[in-house]
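S.K.: Numbering (the working numbering), first residue to last: 3 to 149. Every residue gets a Cβ at the ideal spot worked out from N, C-alpha and C, and that includes glycine. Take a look at this one; I'll ask things after.
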């Protein structure tokens, strides 16, 4: 399978692509929500967000748009790789492990850069890294069930 057909193949499975996008959105809402222990800890690093202010409509719309776009991009990437793996007769366990390895290189290393150069607290980095790890595993589970 060539590159272009591989990149557009997930669009033939729009239900799975939409499902993965919604999964990431729901996970992000729970993960960073101040009613959860992780969300409370995450909010403690942002003093401006601690105040009981109502979020502006434009800010809320931008957050929703960003969350859906990020979920779409991650889900599409995982699906394209997953289809490549399954068409080349590689096991789903190997595919999941390889996606976690890709995650470690692209997300964890990037976040370590924020920790080192921007002096962000390490716990804040772990919260962000955990979000992506759980999200990618959810999308892998969705794909292993439906593909």
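So, helix, strand or coil for residue 58, using DSSP?
M.R.: To locate residue 58, count along the chain shown from 1; it is residue 56. If DSSP states are grouped into helix, strand and coil, residue 58 belongs with coil.
S.K.: For the alpha helix (DSSP H) that contains residue 146, what are its first and last residues?
M.R.: Stepping through the chain shown from its first residue, residue 146 is reached at position 144. Taken as a continuous stretch (DSSP letters only), the alpha helix (DSSP H) holding residue 146 covers 124-148.
S.K.: Which residue from 44, 27, 122 and 76 puts its Cα closest to that of residue 145?
M.R.: Indexing the chain shown from 1 puts residue 145 at position 143. Of the listed residues, the one whose Cα sits closest to residue 145 is 76.
S.K.: Does DSSP put residue 37 in a helix, in a strand, or in coil?
M.R.: For the purposes of this step, residue 37 is identified with residue 35 of the chain shown, where counting begins at 1. In this structure, residue 37 counts as coil in the three-state DSSP scheme.
S.K.: Write down the C-beta distance between residue 137 and residue 29 rounded to the nearest angstrom, noting that I regard them as a contact closer than 8 Å.
M.R.: The count along the chain shown starts at 1 and reaches residue 137 at position 135. The count along the chain shown starts at 1 and reaches residue 29 at position 27. Confirmed, about 5 Å.
S.K.: Among the candidates 126, 117, 85 and 64, whose CA atom is the shortest distance from the CA of residue 48?
M.R.: Counting from 1 along the chain shown, the entry for residue 48 is found at position 46. Selected option, being the one with the closest Cα: 126.
S.K.: Entirely within the segment 74-111 and at least 4 residues each: give me those alpha helix (DSSP H) ranges in chain order.
M.R.: DSSP runs (the alpha helix (DSSP H)) wholly in the segment 74-111: 94-105.
S.K.: If we count the other Cβ atoms within 10 Å of its Cβ and call it buried at 16 or more, is residue 113 buried or exposed?
M.R.: On the chain shown, position 111 is the one that residue 113 refers to. Under this definition residue 113 is a buried residue.
S.K.: Let me make sure I understand the geometry here. Which of 84, 104, 101 and 90 has the alpha-carbon closest to that of residue 2?
M.R.: As displayed, the chain neither begins before 3 nor continues past 149, which places residue 2 out of reach and without an answer.
S.K.: By how many angstroms is the C-alpha of residue 58 removed from the C-alpha of residue 87?
M.R.: In the chain shown, the residue the question calls residue 87 occupies position 85. In the chain shown, the residue the question calls residue 58 occupies position 56. Near 43 Å, if we compare the C-alpha coordinates of residue 58 and residue 87.
S.K.: Measuring straight from C-alpha to C-alpha, what distance separates residue 64 and residue 95?
M.R.: On the chain shown, residue 64 is found 62 positions in, with the first residue counted as 1. On the chain shown, residue 95 is found 93 positions in, with the first residue counted as 1. About 36 Å.
S.K.: Can you tell me whether residue 22 is buried or exposed? The criterion is at least 16 other CB atoms within 10 Å of its CB, across all chains shown.
M.R.: Position 20 of the chain shown, counting from 1, holds the residue named residue 22. The residue is buried, with at least 16 neighbouring Cβ atoms inside 10 Å.
S.K.: From the DSSP output, in three-state form, read off residue 121 for me.
M.R.: Locating residue 121 in the chain shown gives position 119, where the first residue counts as 1. Here residue 121 sits in coil by DSSP.
S.K.: Would you mind sorting residue 78 into buried or exposed? The rule is 16 or more other CB atoms within 10 Å of its CB.
M.R.: If you number the chain shown from 1, residue 78 lands on position 76. Its Cβ being crowded by 16 or more others within 10 Å, residue 78 is buried.
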